[in-house]
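Chemist: Just so you know, the protein sequences line up as chains A and B, in that order.
The numbering used here puts the first sequence at residues 1 to 258.
The numbering used here puts the second sequence at residues 1 to 264.
Even for Gly, the Cβ is constructed at its ideal location relative to N, Cα and C.
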Amino acid sequence: MTETASVSGGAMTTDPVIHVDNLGISFNRNRRQRRSFKDLLSSGARRKRPDQFWALRDVSFDVGRGEAIGVVGRNGQGKSTLLKLVAQVMLPDEGSVTVSAGVAPLIEITGGFVDDLTVRDNVYLTAGLHGMKRAEIDARFDEIIDFAEIGDFLDTPYKHLSSGMRVRIAFSVISRLEEPILIVDEVLAVGDRGFREKCYRRIEELLAGGRTLFFVSHSEKDLRRFCTRGLYLDKGRLVLDAPIEEVIDRYNSDYAVE
Amino acid sequence: MTVAAPARTVWTPFSRYRHSLWLLTSRDLKVRYSTSALGYFWSILDPLVMAGIYWFVFTVVFDRGVGHEPYIVFLLTGLLPWMWFNGAVSDTTRAFLKEQKLIRSTKIPRTIWVLRLVLSKGIEFIASLPVIAIFAIIAGATLRWGVLYSLLAIVMQTVLITGIGLIVAPLVVFFRDLERAVKLVLRFLFYASPIIYNLQDLGPFKTLAAFNPLSGIFELYRASFFVNPIDWFAVVVSALMSVIILGVGILVFRRSISTVLKGI
């Protein structure tokens with residue numbers, strides 16, 4: 001496992017903030033298949049059985065500070081897996097991912113919230129798990145609540161919130177982590193249009209503030225709006241790494257909608 | 001609104017680990033105590049009821065020839081640490097499954113998912129110690145210098161439970177049956193460990209029983225109240241077993257974690 005300690009704040013660095021080298025990860029095609037203990041305990045690349053397939057293989061790229069990357073590809077071509085590997089919530093079987101700055105992952109954002117705890121407790125818990133100290137959360141608490149527009153529900157157990165409110169507060173917390181890298185899966189598909197627009201504006205602000213963005217979406221409009229560079233994944237390979245317009249054009253010509 | 005990246009706290013890996021571990025542990029305790037009216041009382045009620053039953057069965061129904069007087073104190077010195085062991089090990093079977101959404105979205109050192117269970121159950125154990133004190137006063141048992149051995153016992157038990165947890169937690173993700181198997185083994189272990197009886201009571205089986213790492217650990221706990229020469233053979237075996245189990249646990253965990261993250 002390669003991960004380097006956070007060096008956030010070092011503006012003079014020209015080194016990439018995300019360095020992906022020959023990345024590969026394989027999955028079991030048949031989840032229900034029995035595994036043997038031996039299979040489980042043998043490490044990484046040596047293990048390759050016919051019922052396994054490579055969700056991603058030989059993927060290499062570098063991301064510089066402040067770049068906005070859009071990941072393009074059809075369903076099941078490894079986009080979300082790539083995001084999880086970059087967020088380091090999954091570990092590669094081959095190659096390495098080196099991320100040299102803190103990451104704010106907007107992946108399964110409501111996952112850390114506990115039903116039985118109040119909104120207030122949940123905010124402190126989630127922000128804390130992502131590496132914020134209590135005083136830092138205190139300083140941003142009002143901002144977080146204002147953004148989510150749920151000031152009246154501070155002491156309500158999380159389970160009593162509507163699904164829209166849950167996503168709002170979760171997005172609000174993660175987007176205030178102030179980490180240099182922002183990873184966005186298609187989480188924003190939920191929530192009403194007004195709030196989605198607000199989230200998008202927030203992402204734009206963060207980009208203007210010099211954050212690095214890693215973005216997965218099926219929406220051409222969104223990709224064009226945020227991203228400058230595109231990664232086109234097909235069948236687990238990185239097919240094209242180019243400016244976003246070029247990537248979208250190539251994607252459209254490969255899979256033209258009749 | 002300005003969003004220029006301000007300097008955030010710089011964490012050392014250790015302080016970050018401790019911070020996350022403590023957050024999750026206190027979350028567990030908070031959830032447990034905020035969702036039930038009796039809260040803390042539940043964590044002592046369970047061993048109390050068990051102790052009551054065994055006390056009745058072995059002092060009133062049967063003519064007991066095992067353990068020490070006062071028997072209720074003898075029982076509790078075994079039962080309370082057992083509750084810690086039992087609770088933590090059975091919880092580790094769900095360490096990953098129960099928290100899968102959180103694990104899929106947060107990057108914290110993965111051993112925390114096991115360690116927080118060891119810690120929160122351990123804190124409940126410490127919190128239940130006043131129960132022993134109360135019964136010791138009522139039944140007239142005197143605290144001895146041997147109570148210092150309990151500290152060693154706590155360290156050994158932490159090592160043992162952590163080791164077992166590091167083995168069980170990842171394997172359950174692949175073999176769901178293991179969850180039930182662990183329950184069965186735990187029930188067996190309850191009677192196979194010197195909780196309702198003393199290690200000495202086993203006679204010829206004593207040497208064999210020493211290879212149950214809990215035997216040595218309970219020997220040490222019991223020195224708090226009872227003048228019973230500690231079976232050092234059992235203690236040494238137990239310490240060795242605990243360390244070996246921890247070693248195996250670290251190995252299993254390290255080897256399987258990337259597959260676990262794919263599987264949940």
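(1) Report the three-state DSSP secondary structure of Ala45 of chain A (helix, strand or coil).
(2) Of the residues that make up the segment 13–47 of chain B, which ones have a beta carbon closer than 8 Å to any beta carbon in chain A?
(3) CA-CA distance, Tyr33 of chain B and Glu99 of chain B?
(4) Could you tell me the alpha carbon to alpha carbon distance between Arg94 of chain B and Ser253 of chain A, rounded to whole angstroms?
(5) Could you check which residue in A:Pro16, A:Arg134 and A:Arg224 has the C-alpha nearest to that of Gly70 of chain A?
(6) Just the C-alpha distance for Arg229 of chain A and Ala242 of chain A, rounded to the nearest angstrom, thanks.
(7) Please report how far the alpha carbon of Pro70 of chain B lies from the alpha carbon of Leu76 of chain B, in whole angstroms.
(8) For His19 of chain A, write down the residues that DSSP places opposite it in a beta bridge.
(9) Measuring only the C-alpha atoms, how far is Val89 of chain A from Ile18 of chain A?
(10) Rounded to whole angstroms, what is the Cα-Cα separation between Gly194 of chain A and Gly66 of chain A?
(11) Between Ala45 of chain A and chain B, is there a C-beta pair that is closer than 8 Å?
(12) Would you give the residue range spanned by the alpha helix (DSSP H) that Phe218 of chain B belongs to?
(13) To the nearest angstrom, report how far apart Ala55 of chain A and Asp234 of chain A are at their CA atoms.
(14) Looking at the unbroken beta strand (DSSP E) that takes in Thr106 of chain B, where does it start and where does it end?
(15) Could one say the Cβ of Phe153 of chain A lies closer than 8 Å to chain D's Cβ atoms, at least one of them?
(16) In chain order, what residues of the same chain have a beta carbon less than 6 Å from the beta carbon of Leu24 of chain B, not counting five sequence neighbours either side?
(17) Please report how far the alpha carbon of His218 of chain A lies from the alpha carbon of Tyr200 of chain A, in whole angstroms.
(18) Starting from Asp234 of chain A, trace the beta strand (DSSP E) both ways and give me its first and last residue.
(19) Going along chain A, which residues have a C-beta under 7 Å from Lys262 of chain B?
(20) So which residues on chain B does Thr130 of chain A lean against when the C-beta distance must stay under 8 Å?
(21) Using a Cβ-Cβ cut-off of less than 8 Å, list which residues of the segment 95–127 of chain A approach chain B; keep chain order.
(22) Considering only residues of the same chain and omitting the five flanking positions on each side of Ser6 of chain A, which have a CB-CB separation below 8 Å?
(23) Which whole runs of the beta strand (DSSP E) in the segment 166–191 of chain A are 3 residues long or more, in chain order?
(24) Quick check: is the beta carbon of Asp51 of chain A nearer than 8 Å to any beta carbon in chain B?
(25) Any idea what DSSP makes of Thr118 of chain A, helix, strand or coil?
(26) Measuring only the C-alpha atoms, how far is Asn228 of chain B from Leu220 of chain B?
(27) Determine the extent of the beta strand (DSSP E) in which Ala95 of chain B is found, giving its start and end residues.
(28) Give me the chain A residues within the contact set of Lys98 of chain B, using Cβ-Cβ distance strictly less than 9 Å, ordered along the chain.
(29) How long is the line joining the alpha carbons of Asp58 of chain A and Ile25 of chain A, rounded to whole angstroms?
(30) Are Val97 of chain A and Phe214 of chain A close, meaning C-beta to C-beta below 8 Å?
(31) Using the three-state DSSP reduction, which class does Pro105 of chain A fall into: helix, strand or coil?
(32) Pull up the distance between the alpha-carbon of Glu94 of chain A and that of Ser60 of chain A, whole angstroms please.
(33) Along the chain, where does the beta strand (DSSP E) that runs through Ala87 of chain A open and close?
(34) Sorted by chain position, which residues of the same chain lie with C-beta nearer than 8 Å to Leu171 of chain B's C-beta, five sequence neighbours on each side aside?
(35) Any beta-carbon of chain B closer than 8 Å to the one on Ala87 of chain A?
(36) What separation, rounded to the nearest whole angstrom, lies between the Cα atoms of Ala45 of chain A and Gln52 of chain A?
Modeler: In terms of the structure at hand:
(1) Any reading at Ala45 of chain A is ruled out, since the residue's pLDDT is 45, under 50, leaving its predicted position unreliable.
(2) Pro13, Arg16, His19, Ser20, Leu23, Leu24, Arg27, Lys30, Val31, Ser34 and Thr35
(3) 19 Å
(4) 47 Å
(5) A:Arg224
(6) 6 Å
(7) 10 Å
(8) A:Asp62 and A:Thr98
(9) 15 Å
(10) 27 Å
(11) Because Ala45 of chain A sits at a pLDDT of 45, beneath the cut-off of 50, its placement in the model cannot be relied upon, and the point is left open.
(12) Pro213 to Arg222
(13) 10 Å
(14) It is not in any beta strand (DSSP E) - Thr106 of chain B carries neither H nor E in the DSSP assignment.
(15) No chain D is present in this structure, whose protein chains are A and B.
(16) Arg116
(17) 15 Å
(18) Arg229 to Asp234
(19) Phe27 and Met90
(20) Reading off the sequence, residue 130 of chain A comes out as His, not Thr. Near His130 of chain A (Cβ distances below 8 Å), the residues of chain B are Thr106.
(21) Gly102, Val103, Pro105, Ile107, Glu108, Ile109, Thr110, Gly111, Gly112, Val114, Asp116, Leu117, Asp121 and Leu125
(22) Reliability fails at Ser6 of chain A, whose pLDDT of 39 lies under 50, so the model's placement of it is uncertain and the value that follows must be treated cautiously. Cβ within range, chain order: Ser100, Ala101 and Gly102.
(23) 181–184
(24) no
(25) strand
(26) 10 Å
(27) First-last for Ala95 of chain B: undefined, no H or E at that position.
(28) Within 9 Å Cβ-Cβ: nothing; Lys98 of chain B doesn't reach chain A, min ~11 Å.
(29) 9 Å
(30) no
(31) strand
(32) 11 Å
(33) Neither: Ala87 of chain A is in no beta strand (DSSP E) and is coded neither H nor E.
(34) Leu178, Val252 and Ser256
(35) yes
(36) In this prediction, Ala45 of chain A scores a pLDDT of 45, lower than 50, which makes its location untrustworthy; the coordinate-derived value is nonetheless stated afterwards. Going from the Cα of Ala45 of chain A to the Cα of Gln52 of chain A covers about 12 Å.
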